[in-house]
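Student: Here you go, one structure.
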Amino acid sequence: MSLSLISKLVHSFALLSSLIFIFPAQAEVTISVVANDLDNPRGLNFSSDGSLYVTESGVGGDGRCIPGPSLQGLSSCVGNSGAVTKIKDGKQERLLTGLPSIALRPTGTTAAGPQDIVFDAYNNPYLLIGYGGNPETRDFPEGAPSWGQLYQVDLLTGHLKSLADLAKYELDNNADGKDTLDVSGEVASNPYAFTIKGHTAYIVDAAANDLLSVSLNGGSLSVLSVLPTQTIKDPIFPTPAPGQVLPPEAPPPGQTPAEIEIQSVPTGVAVGPDDALYVSEYTGFPFPVGKARVLRVAADGKTTVYAEGFTQISDLEFDRQGNLYVLQYANQPQWTGSVDGALIQVAPDGTRITLVSGNGLESPTALTIGRDGAIYISNKGDRPKEGQVLRVTK
């Protein structure tokens, strides 16, 4: 599988008419679609010239298959359908193609591949390729860019230079001492998102439950913080349908415990107004309502709770005024089938306003804030062909 660049496969599109939604939480926002037809869109960020780049985890392919993180017993199969799309001046261009992708077959959902893209202060782009499985089974096909690594990428040539093998680090160290968030029962790595502060990249591994750091010159990789578990009382579990496979954490039917310990499952990291790092939690199975937190991680790795009461957070970001924006992947546990997400603003004094809830915000996976102050969201990030980038203004 080789990295390829398509020759100006560009399609222009007219921005859809802006729609205004008014919600019970006193929010009035304008939402427009600035990109569509994406395959499992994930992290997105702006370059210095105002171009917006969004990663697409792809749809997998017909290559080697391994047991997938599926409650239906489906397999994840590999391909070269991962991509990076550029959005500029009303044009949408799939700039890089042929990137590694693994997704459930035959649905093309629950994909991993290109997960996030970030530019440093000199406008150099860096690309994170995730995985979501046992690192020992990731090296396929031979010669392809490997899953679970942070790369420096040349957007003109498509050349990738590996800076850190995050999956191997988890295999060798397993810093949180836990197994995996999927049904395989093995140690797993899922590098999911990152940010850059100075000359250092900070990466969250959703399966390893840790926050790692590595110098942008490819220096030593290390764990800054192992993110804390939490104990949940009176958890609610799904009743398995015939043939459905529940994660190892699920109790036998009729034997629900009074309390359980759930993992953090970090999904986003941002630099706060105080220069500390802030990490969002998705939370582990059974994804309890109102138990996802925003954690503050100090320079020494000490972790404290900054905000709580959220559900399945997929990303977070601060604006210039110090407002925190929290993106919920779904407002109800994933196993309920709910896809309605939410965008919540948390002011510096703690005041919260729900800017968007449902109303077309479905399984959102990432957000960024433009120089225009608008919030850009990867929407419908759980499925192929239907992914979007939304622009939200207040």
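Using mature numbering (1 follows the signal peptide of the UniProt record, and there is no 0), the letters of the sequence shown correspond one by one to residues -27 to -1, 1 to 367.
Glycine included, C-beta positions come from ideal geometry on N, C-alpha and C.
Take A265 and list the residues in its own chain whose beta-carbon comes closer than 7 Å to its own, dropping the five residues that flank it on each side.
Tutor: Within the sequence shown, numbered from 1, the residue matching residue 265 stands at position 292. Cβ within range, chain order: E254, Y255, T256, F283, T284, Q285 and I286.
Student: Assign R344 to one of two classes, buried (16 or more other C-beta atoms within 10 Å of its C-beta) or exposed (fewer than that).
Tutor: The count along the sequence shown starts at 1 and reaches residue 344 at position 371. Exposed.
Student: For P230, collect the residues of the same chain with a Cβ closer than 8 Å to its Cβ; drop the 5 residues on either side in sequence, then sort them by chain order.
Tutor: Here residue 230 refers to the residue found at position 257 of the sequence shown. So the list reads P208 and P224, once near-sequence residues are dropped.
Student: Hey, would you say A85 sits closer than 9 Å to S49, going by beta carbons?
Tutor: Reading the sequence shown from its first residue, position 112 is the one you call residue 85. Reading the sequence shown from its first residue, position 76 is the one you call residue 49. It is a contact, given that the beta carbons lie within the stated cut-off.
Student: Should Y104 be labelled buried (16 or more other beta-carbon atoms within 10 Å of its own) or exposed?
Tutor: By one-based count along the sequence shown, residue 104 stands at place 131. Buried, because 16 or more other Cβ atoms sit within 10 Å of the Cβ of Y104.
Student: Using the C-alpha atoms, what's the distance from A148 back to F19?
Tutor: Within the sequence shown, numbered from 1, the residue matching residue 19 stands at position 46. Within the sequence shown, numbered from 1, the residue matching residue 148 stands at position 175. Their backbone Cα atoms lie some 32 Å apart in a straight line.
Student: Compute the Euclidean distance between the alpha carbons of E234 and Q203, then round it to the nearest angstrom.
Tutor: Position 261 of the sequence shown, counting from 1, holds the residue named residue 234. Position 230 of the sequence shown, counting from 1, holds the residue named residue 203. Spanning the two alpha carbons is a distance of roughly 6 Å.
Student: Determine the contact status of L144 and V160, defining contact as a CB-CB distance below 9 Å.
Tutor: Counting from one through the sequence shown, the residue named residue 144 turns up at place 171. Counting from one through the sequence shown, the residue named residue 160 turns up at place 187. In this structure, V160 lies closer than 9 Å to L144 by Cβ.
Student: Excluding the five sequence neighbours on either side, which residues of its own chain have a C-beta within less than 7 Å of the C-beta of A320, listed in chain order?
Tutor: Translated into the one-based positions of the sequence shown, residue 320 becomes position 347. These residues qualify, in order along the chain: N296.
Student: In this structure, how does DSSP classify N146 when only helix, strand and coil are distinguished?
Tutor: On the sequence shown, position 173 is the one that residue 146 refers to. Reduced to three states, the DSSP call for N146 is helix.
Student: So, using beta-carbon positions, are V262 and V252 closer together than 9 Å?
Tutor: Residue 262 sits at position 289 when you count from the first residue of the sequence shown. Residue 252 sits at position 279 when you count from the first residue of the sequence shown. In this structure, V252 does not lie closer than 9 Å to V262 by Cβ.
Student: Using C-beta distances below 6 Å, list every residue in its chain close to I(-8), excluding the 5 sequence neighbours before and after it, in chain order.
Tutor: Locating residue -8 in the sequence shown gives position 20, counting from the first residue. Because the pLDDT of I(-8) is 37, which lies under 50, any placement of that residue in the model is unreliable, and the question is left without a value.
Student: Could you say if the region 89 to 96 and the region 74 to 81 meet the contact criterion of at least three C-beta pairs nearer than 8 Å?
Tutor: No, because fewer than three Cβ pairs between the region 89 to 96 and the region 74 to 81 fall closer than 8 Å, the two stretches do not touch.
Student: Can you tell me which of the three DSSP states L139 falls into?
Tutor: Mapped onto the sequence shown, residue 139 falls at position 166. The answer is helix: DSSP assigns L139 an H, G or I state.
Student: Anyone know if the C-beta pair for G55 and G31 falls short of 9 Å?
Tutor: Along the sequence shown, read from residue 1 onward, the residue named residue 55 stands at position 82. Along the sequence shown, read from residue 1 onward, the residue named residue 31 stands at position 58. Against a cut-off of 9 Å, the Cβ pair of G31 and G55 comes out as a contact.
Student: Using the C-alpha atoms, what's the distance from G52 back to L334?
Tutor: Taking the sequence shown and counting its residues from 1, one reaches residue 334 at position 361. Taking the sequence shown and counting its residues from 1, one reaches residue 52 at position 79. Roughly 28 Å between the two C-alpha positions.
Student: Report buried or exposed for P213, applying the criterion of at least 16 other Cβ atoms within 10 angstroms of its Cβ.
Tutor: Stepping through the sequence shown from its first residue, residue 213 is reached at position 240. P213 should be labelled exposed.
Student: Following the continuous beta strand (DSSP E) through G191, name the residue where it begins and the one where it ends.
Tutor: For the purposes of this step, residue 191 is taken as residue 218 along the sequence shown, with counting starting at 1. G191 -> no beta strand (DSSP E), and no H or E assigned at all.
Student: If I measure Cβ to Cβ from V290 and keep anything under 7 Å in the same chain, skipping five residues before and after, which residues do I get?
Tutor: To locate residue 290, count along the sequence shown from 1; it is residue 317. This sequence places Glu at residue 290; Val is not what is there. For E290, where only same-chain residues beyond five positions count, the Cβ hits under 7 Å are A243, Y298, L340, T341 and I342.
Student: Determine the closest residue to K141 out of E29, S195 and L189, with distance taken between C-alpha atoms.
Tutor: To locate residue 141, count along the sequence shown from 1; it is residue 168. The shortest C-alpha separation from K141 is found at S195.
Student: Is it buried or exposed, A179, if we count other Cβ atoms within 10 angstroms and call 16 or more buried?
Tutor: Here residue 179 refers to the residue found at position 206 of the sequence shown. By the neighbour-count rule (16 or more Cβ atoms within 10 Å), A179 is buried.
Student: Only counting the same chain, and skipping five residues up and downstream in sequence, which positions put a Cβ closer than 6 Å to that of H132?
Tutor: The residue given as residue 132 occupies position 159 in the sequence shown. Nothing meets the Cβ criterion.
Student: Can you give me the C-alpha to C-alpha distance between G116 and I176, rounded to a whole angstrom?
Tutor: Locating residue 116 in the sequence shown gives position 143, counting from the first residue. Locating residue 176 in the sequence shown gives position 203, counting from the first residue. Confidence at G116 is low in this model, with a pLDDT of 49, below 50, so the placement of that residue is unreliable and no value is reported for it.
Student: Secondary structure at K307, three-state DSSP: helix, strand or coil?
Tutor: Stepping through the sequence shown from its first residue, residue 307 is reached at position 334. Note on identity: in this sequence residue 307 is Gln, with Lys being the wrong assignment. Q307 falls in the helix class under three-state DSSP.
Student: From which residue to which residue does the beta strand (DSSP E) around L250 run?
Tutor: Locating residue 250 in the sequence shown gives position 277, counting from the first residue. Element bounds for L250: L250 to E254.
Student: Where does S21 land, buried or exposed, given buried means 16+ other C-beta within 10 angstroms?
Tutor: For the purposes of this step, residue 21 is taken as the residue at position 48 of the sequence shown. Its Cβ having fewer than 16 others within 10 Å, S21 is exposed.
Student: Alpha carbon to alpha carbon, how far is S330 from T173?
Tutor: Translated into the one-based positions of the sequence shown, residue 330 becomes position 357. Translated into the one-based positions of the sequence shown, residue 173 becomes position 200. If you take the alpha carbons of S330 and T173, they lie about 34 Å apart.
Student: May I have a chain-ordered list of the beta strand (DSSP E) segments no shorter than 3 residues that lie completely inside the region 214 to 295?
Tutor: If we require 3 residues or more, the beta strand (DSSP E) runs fully inside the region 214 to 295 come out as 232 to 235, 239 to 244, 250 to 254, 265 to 270, 276 to 283 and 286 to 291.
Student: Mind checking E232: buried by the 16 CB within 10 Å criterion, or exposed?
Tutor: Numbered from its first residue, the sequence shown carries residue 232 at position 259. Per the 10 Å Cβ criterion, exposed.
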